[in-house]
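Some notes on the structure that comes next.
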Amino acid sequence: MRVEEAIGEYLTSLRVDRGLADNTLISYTRDLGKYAEYLAGRGVSELAEVDEEIAGGFADQLTGAASSRARTLTAVRSFHKFAATTRLSPTNPASALALPKQASRLPKAIPLAHITALIEAAGTAEPPLGLRDRALIELLYGTGGRISEIVGLDIDDIEFAERWIRLFGKGGKERLVPLGSYAHDAIDAYLVRARPALAAKGKGTPKLFLNTLGRPLSRQSAWAVVRAAAERAGLTGITPHTLRHSYATHLLEGGANIREVQELLGHASVTTTQIYTAVTISTLKETYATSHPRARYS
Numbered sequence: 000m001r002v003e004e005a006i007g008e009y010l011t012s013l014r015v016d017r018g019l020a021d022n023t024l025i026s027y028t029r030d031l032g033k034y035a036e037y038l039a040g041r042g043v044s045e046l047a048e049v050d051e052e053i054a055g056g057f058a059d060q061l062t063g064a065a066s067s068r069a070r071t072l073t074a075v076r077s078f079h080k081f082a083a084t085t086r087l088s089p090t091n092p093a094s095a096l097a098l099p100k101q102a103s104r105l106p107k108a109i110p111l112a113h114i115t116a117l118i119e120a121a122g123t124a125e126p127p128l129g130l131r132d133r134a135l136i137e138l139l140y141g142t143g144g145r146i147s148e149i150v151g152l153d154i155d156d157i158e159f160a161e162r163w164i165r166l167f168g169k170g171g172k173e174r175l176v177p178l179g180s181y182a183h184d185a186i187d188a189y190l191v192r193a194r195p196a197l198a199a200k201g202k203g204t205p206k207l208f209l210n211t212l213g214r215p216l217s218r219q220s221a222w223a224v225v226r227a228a229a230e231r232a233g234l235t236g237i238t239p240h241t242l243r244h245s246y247a248t249h250l251l252e253g254g255a256n257i258r259e260v261q262e263l264l265g266h267a268s269v270t271t272t273q274i275y276t277a278v279t280i281s282t283l284k285e286t287y288a289t290s291h292p293r294a295r296y297s
């Protein structure tokens, strides 16, 4: 079978049998298009003509970030596996293709002074949005919640007397997280002095955070709130997830147990939480290197 025809059958299978999202299909189409062009340049038109040397040559000539190369090679490997399984090809010449190693990206935490500056900047937004935006950021940092969890909050999910907040994570899994005094006071001020004015413009909703039309604040709008506050504070690279990372890192640096942080973050496995210990250890090593008289590393 010709390469282009086989790729067409594979993409059809991804769309019909596996129901992949349009964006994923676009990526597969683009990456396999590059592969088809490479094969054509080598004079290969039939799928049966592709061997391990040719497939390996395609991997060797790829350039760009490791993540981009890994995505392309994943598409090629999946395509050849499909072709071999469905007998479009007698062999799988891509079975031995190794994906490039990607550098582990440690989560980015920011100093408490930057957190404070961000919150103060959020409060300068035009009323009544200043109180809403301040409460939003206080809650993101004060609970370590994901942005989807925070914008999904109902007012009834907050236990003001007990100082708890109820978050619903991935798969709808519920967890209780302590509500600190700063976040508590910011939410109280928002509910009393700002939310009623926003709610009056809508049709009524139990959601905690509202937009200027009185409707539930969207995830995208919440991102925009954080981004705008960061710009006013003169900070760069700040996202809602930065606040979650900072929450976890600051807890560990303050002496919290990793299992406790796992529960607070809603991680299914402690392995996911352990990445934050690498951040803390790197900070400790830096402090040691600059403070201890015999800290020079060989």
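Everything in the sequence shown is counted per numbering that gives the first Met the number 0, starting at 0 for the first residue and increasing by one. Even for Gly, the Cβ is constructed at its ideal location relative to N, Cα and C.
Asked	Found
Cβ distance (whole Å) where Tyr34 is taken to contact Val75 below 8 Å	5 Å
Rounded Cβ spacing between Ile186 and Leu138 (contact assumed at less than 8 Å)	7 Å
Buried or exposed by the 16-neighbour rule on C-beta atoms within 10 Å, applied to Leu250	buried
Beta-carbon proximity check, Asp156 vs Pro205, cutoff 7 Å	no
Extent of the continuous beta strand (DSSP E) run through Ile164	Trp163 to Phe167
Three-state class that DSSP yields for Asp16 in the structure shown	coil
Option nearest Gly144 by Cα separation, candidates Tyr246, Ala116 and Arg226	Tyr246
Three-way DSSP call (helix, strand, coil) for Glu158 in this model	strand
Secondary structure, alpha helix (DSSP H): runs of 4+ residues fully inside the stretch 163 to 219	180 to 192 and 194 to 198
Inside the stretch 93 to 123 only - alpha helix (DSSP H) runs reaching at least 4 residues	111 to 121
Distance CB(Ala221)-CB(Val150) smaller than 7 Å	yes
Backbone secondary structure at Asp50 - three-state DSSP	coil
The alpha helix (DSSP H) enclosing Thr23, as first and last residue numbers	Asp21 to Gly40
Range covered by the alpha helix (DSSP H) that runs through Leu251	Pro239 to Glu252
contact_flag[the stretch 249 to 266, the stretch 228 to 240] where n(CB pairs < 8 Å) is 3 or more	no
Assigned secondary structure, Arg1 (DSSP; H/G/I helix, E/B strand, else coil)	strand
Alpha-carbon to alpha-carbon, Ser180 and Lys202	31 Å
Within 7 Å, strictly: CB atoms of Asp30 and Thr71	yes
8 Å contact criterion, which Ala309 and Leu87 should meet: CB distance rounded	Only positions 0 to 297 of the chain appear in the structure, and residue 309 is not among them; the question remains open.
Start-to-end residues for the alpha helix (DSSP H) that takes in Glu262	Ile257 to Leu264
First through last residue of the alpha helix (DSSP H) which encompasses Leu128	Leu128 to Thr142
Same chain, Cβ closer than 8 Å to Asn91, five either side skipped, listed in chain order	His79, Lys80, Ala82 and Ala83
Glu45, DSSP secondary structure in three states	strand
Residues bridged to Asp153 (per DSSP)	Lys206
Tyr296 burial status per 10 Å Cβ neighbour count (16 or more: buried)	Residue placement at Tyr296 is poorly supported in this model, since its pLDDT is 48, which falls under 50; the coordinates still yield a value, given next. Exposed, by the Cβ-count rule.
Backbone CA spacing between Leu111 and Gly171 [nearest angstrom]	31 Å
7 Å Cβ cutoff met for Leu130 and Ala64	no
Continuous alpha helix (DSSP H) stretch holding Leu72: start and end	Ala65 to Thr84
Alpha-carbon spacing of Gly122 relative to Arg214, whole angstroms	21 Å
Proximity winner among Arg231, Ala232 and Leu166, relative to Leu207 (alpha-carbon distances)	Leu166
Which of helix, strand or coil DSSP assigns to Gln273	coil
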